[in-house]
Amino acid sequence: MTLTPQTPPRALIAEDDPALADVLKLAFTRKGFQTKVFRNGRDALAAAAAESWDVVCSDYQMPHVNGEQLLTGVRASETSRHAVCILCSAKSYELNCERMARELNLHAIFYKPFSLAEITESAQQGLASRAPVA
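Numbering (numbering that gives the first Met the number 0), first residue to last: 0 to 133.
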């Protein structure tokens, strides 16, 4: 998706915890994103394949498809492969984060509890770094 001043960036949020999903949606919306929340990885993966997203912010542990599987699918999709990808997890000691960050070209990994401001700022920085230079 090519962003213009009239086109707000689109953020896909994959988070199975209802309260956290709501606050993530609110945080991204307040920063000017068009935001859609998916409560499991399978639905998020289908949306990533069907539509173009500028940012994908995913929890790691979700029903049906985990965050690593989702972001692998995002990177393989024609529609969203260039999205800024952010992974959130409570499992900092159980994951091989360096490998995932490298293999999935993640912009950032955040560990719960995290700062909503840091996540949205990271998404904005990722978008700015991929924007074409005029």
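Glycine included, C-beta positions come from ideal geometry on N, C-alpha and C.
Rounded to the nearest angstrom, what separates residue i and residue j at their Cα positions?
i: Gln-5; j: Ala-26; result: 20 Å
i: Ala-48; j: Phe-37; result: 13 Å
i: Ala-46; j: Glu-97; result: 26 Å
i: Val-22; j: Glu-120; result: 15 Å
Can you give me the Cβ contacts of residue i inside the same chain, cut-off strictly under 7 Å, excluding the 5 residues immediately before and after it?
i: Ala-211; result: Since the first residue of the chain shown is 0 and the last is 133, residue 211 is not available in this structure.
Please state the DSSP three-state secondary structure of residue i.
i: Ala-18; result: helix
i: Ala-122; result: helix
i: Ser-128; result: helix
i: Lys-24; result: helix
i: Thr-78; result: coil
Excluding the 5 residues preceding and the 5 following residue i in the sequence, name in chain order all residues of the same chain whose CB lies nearer than 8 Å to its CB.
i: Val-64; result: Asn-39, Gly-40, Arg-41, Ala-43, Leu-44 and Gly-72
i: Gly-66; result: Ala-13, Gly-40, Ser-57, Asp-58, Tyr-59, Gln-60, Leu-86, Cys-87 and Ser-88
Tell me which residues share the same chain as residue i and place their Cβ nearer than 6 Å to its Cβ, disregarding the 5 neighbours each side in the sequence.
i: Thr-28; result: Thr-34
Residue i: beta carbon under 7 Å from a heavy atom of the ligand ADP?
i: Arg-80; result: Among the ligands in the structure shown, none appear at all, so the ligand ADP cannot be discussed.
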